[in-house]
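Chemist: This structure is in structure tokens; I'll ask about it shortly.
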Amino acid sequence: MAHMVVARVSSAPCKASGSRRSAVRAQSKAQQEADLRQTVAIVGAGIAGLASAVSLERQGFQCLVLERSETRREGGTAIALWKNAWRALDYLGVGDELRNGNHPELDSVELCAAEGGILKRFSFDECNGGPHEFRGVFRGELLRALESKLEQTEIRYGVGVERVTTTETGTGGVVLRTEGGEEMRCLAAVGSNGASSGLCGLPPTNYAGYRAIRGVANFEGEMPLPSSTVRQVLGRGMRAGMYPISDREVYWFVCFNGAEGDGPPMERALEAFRSWGHGVREVIEATAVEDMVASSIRDRWQSPLAPVGRGNLTLAGDALHPMTPNLGQGGCCALEDAVVLGRRLGGAAGGEGMAAALRSYEAERLRRTLKLTVRAGVMGSLLQIDNPLVTAARDAVVSRAFDPSSFLDHTSYDCREA
Numbered sequence: 001m002a003h004m005v006v007a008r009v010s011s012a013p014c015k016a017s018g019s020r021r022s023a024v025r026a027q028s029k030a031q032q033e034a035d036l037r038q039t040v041a042i043v044g045a046g047i048a049g050l051a052s053a054v055s056l057e058r059q060g061f062q063c064l065v066l067e068r069s070e071t072r073r074e075g076g077t078a079i080a081l082w083k084n085a086w087r088a089l090d091y092l093g094v095g096d097e098l099r100n101g102n103h104p105e106l107d108s109v110e111l112c113a114a115e116g117g118i119l120k121r122f123s124f125d126e127c128n129g130g131p132h133e134f135r136g137v138f139r140g141e142l143l144r145a146l147e148s149k150l151e152q153t154e155i156r157y158g159v160g161v162e163r164v165t166t167t168e169t170g171t172g173g174v175v176l177r178t179e180g181g182e183e184m185r186c187l188a189a190v191g192s193n194g195a196s197s198g199l200c201g202l203p204p205t206n207y208a209g210y211r212a213i214r215g216v217a218n219f220e221g222e223m224p225l226p227s228s229t230v231r232q233v234l235g236r237g238m239r240a241g242m243y244p245i246s247d248r249e250v251y252w253f254v255c256f257n258g259a260e261g262d263g264p265p266m267e268r269a270l271e272a273f274r275s276w277g278h279g280v281r282e283v284i285e286a287t288a289v290e291d292m293v294a295s296s297i298r299d300r301w302q303s304p305l306a307p308v309g310r311g312n313l314t315l316a317g318d319a320l321h322p323m324t325p326n327l328g329q330g331g332c333c334a335l336e337d338a339v340v341l342g343r344r345l346g347g348a349a350g351g352e353g354m355a356a357a358l359r360s361y362e363a364e365r366l367r368r369t370l371k372l373t374v375r376a377g378v379m380g381s382l383l384q385i386d387n388p389l390v391t392a393a394r395d396a397v398v399s400r401a402f403d404p405s406s407f408l409d410h411t412s413y414d415c416r417e418a
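Going letter by letter, the sequence shown gives residues 1 to 418 in UniProt numbering.
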């Protein structure tokens with residue numbers, strides 16, 4: 001059975017406030033339905049969903065967030081936040097709170113060979129567009145920070161949305177049908193329910209040919225890499241990466257080629273990495289298997305010229321632009337989406353004006369994210385090559401000819417002004 005949670009909330013387990021529950025019960029059904037008609041429904045309480053709610057509240061919209069899970073999403077590992085994401089977080093009012101959360105600012109990169117030494121080491125100061133900012137934070141911590149900024153938005157957990165219907169012009173708003181059979185008529189709807197979202201009928205995502213395992217290692221003593229460094233270790237059809245997210249914790253990942261499907265058991269998949277140096281073995285052994293997350297890497301190259309939403313229905317985050325994690329931009333772009341969505345809808349007049357604003361938002365976002373999706377996909381394919389001659393040539397190029405000046409060009413984007 002669904003239960004309702006209303007922000008503002010703390011980091012304690014989610015519970016609805018008694019006064020708010022009483023107020024909701026006191027409302028007549030007719031009044032509740034009338035209020036919904038002026039409400040933007042957001043499907044999914046992940047990063048894109050909660051950030052969109054914060055952004056839309058800033059523009060004066062009443063929002064309702066519907067989340068299929070029974071409780072706030074506390075799972076997952078960490079998320080990489082580059083300069084473009086911090087600009088969005090500052091706009092949303094949570095940047096300084098997260099900066100003060102014992103997350104070190106990282107300032108350099110090491111690219112290493114799995115069977116050798118360091119191929120290339122460089123500072124972010126060598127990259128164009130500085131000063132740069134990069135920190136990793138826990139996903140749950142980011143969600144709590146965003147949720148704490150919501151003052152009027154309801155979050156209903158345990159409510160999945162089956163479909164959304166709307167007119168092409170947006171006249172009459174949207175009608176959401178929940179998995180429990182309830183119908184809600186709202187002003188507009190934002191699907192932020194992940195890469196497999198079916199709300200707009202977009203093509204399915206494509207398997208990139210490799211899988212990933214992620215985790216957060218906890219060290220009581222010395223960590224296996226410098227406290228301000230992002231490290232990637234390159235092998236043949238396999239790679240690993242890591243960076244500190246606190247003075248004791250290191251986020252890490254490994255990627256390995258394989259056919260689509262469930263893949264081998266996690267312990268067997270990790271076995272090949274246990275002989276690697278550069279801290280890879282240490283981070284794996286410092287993480288309990290039950291605290292690791294395995295996933296297939298997928299994306300969709302969504303053109304800004306192809307239709308996405310219709311009427312007063314749109315998408316955000318992975319639902320709009322699923323991309324491989326090779327640039328660390330999936331969550332960053334979800335935060336950008338939220339800011340741009342608020343800017344666009346803030347100038348809409350309702351009805352056809354709102355529908356036009358949503359199409360403008362989609363085009364603006366996809367012009368940016370398509371380039372990132374393609375770049376991330378191509379980079380991943382090159383890094384996953386398992387031909388020994390090609391990987392030897394790759395390592396030689398990285399060691400002797402790699403120029404980091406354009407390495408972070410994509411993080412200079414400012415969603416507040418674009």
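All C-beta atoms in this analysis are idealised placements derived from N, C-alpha and C, irrespective of residue type, glycine included.
From a predicted model like this one, the values you see are computed outputs, not experimental measurements.
Our contact map puts residue 419 next to residue 64 with C-beta atoms below 8 Å; I'd like the distance itself, whole angstroms only.
Modeler: This structure gives no information on residue 419, because the portion of the chain shown stretches from 1 to 418.
Chemist: Please work out which residues of its chain come closer than 6 Å, Cβ to Cβ, to residue 270, disregarding the five sequence neighbours upstream and downstream, and give them in chain order.
Modeler: Excluding sequence neighbours, residue 270 sits near 284.
Chemist: For residue 258, which option in 294, 249, 290 and 289 has the closest C-alpha, if you only look at C-alpha atoms?
Modeler: Out of 294, 249, 290 and 289, 294 has the C-alpha closest to the C-alpha of residue 258.
Chemist: Which complete alpha helix (DSSP H) runs does the segment 33-59 hold, if anything under 4 residues is left out?
Modeler: Those alpha helix (DSSP H) runs which fall completely within the segment 33-59 and span 4+ residues are 47-58.
Chemist: Quick check: the Cα distance between residue 391 and residue 197, rounded to an integer number of angstroms?
Modeler: Residue 391 and residue 197: Cα-Cα distance of roughly 36 Å.
Chemist: Can you tell me whether residue 154 is helix, strand or coil according to DSSP?
Modeler: In the structure shown, residue 154 sits in a strand (DSSP, three-state: E or B).
Chemist: Is residue 403 helix, strand or coil when you go by DSSP?
Modeler: DSSP places residue 403 in coil when its eight states are reduced to three.
Chemist: Determine the closest residue to residue 299 out of 327, 312, 119 and 348, with distance taken between C-alpha atoms.
Modeler: Here the closest residue by C-alpha is 327.
Chemist: Please go through the same chain and pick out, in chain order, the residues whose beta-carbon is closer than 6 Å to the beta-carbon of residue 184, but skip the five residues on each side of it.
Modeler: Answer for residue 184: 36 and 176, listed in chain order.
Chemist: For the candidate residues 137, 354, 220 and 43, whose alpha-carbon lies nearest to that of residue 153?
Modeler: It is 43.
Chemist: For residue 28 and residue 34, what's the separation of their Cα atoms in angstroms?
Modeler: Approximately 10 Å, taken between the alpha carbons.
Chemist: Roughly how many whole angstroms lie between the Cα atoms of residue 190 and residue 315?
Modeler: Rounded to the nearest angstrom, the two C-alpha atoms are 5 Å apart.
Chemist: Helix, strand or coil for residue 290 per DSSP?
Modeler: In this structure, residue 290 counts as helix in the three-state DSSP scheme.
Chemist: Excluding five sequence neighbours on each side, which residues of the same chain lie with their C-beta closer than 6 Å to the C-beta of residue 18?
Modeler: Any answer about residue 18 is weak, because its pLDDT of 36 lies below 50 and its placement is not dependable; what the coordinates show is given next. Counting only Cβ-Cβ distances below 6 Å, and skipping sequence neighbours, we find nothing.
Chemist: Can you look up residue 120 in the DSSP assignment and give me helix, strand or coil?
Modeler: Of the three classes helix, strand and coil, the one that applies to residue 120 here is strand, per DSSP.
Chemist: Suppose the cutoff is 7 Å on Cβ atoms and the five residues either side in sequence are ignored; what does the same chain contact list for residue 372 look like?
Modeler: Same-chain partners within the cutoff: 323, 327, 329, 333 and 410.
Chemist: Which one or two residues does DSSP pair with residue 218 in a beta bridge?
Modeler: Its beta-bridge partners are 249.
Chemist: Identify which residue in 376, 414 and 82 has its Cα closest to the Cα of residue 132.
Modeler: Looking at the Cα atoms, 82 is the closest of the given residues.
Chemist: Using 10 angstroms around the beta-carbon of residue 379, count the other beta-carbons present and answer buried if the total reaches 16, otherwise exposed.
Modeler: Classification for residue 379: exposed.
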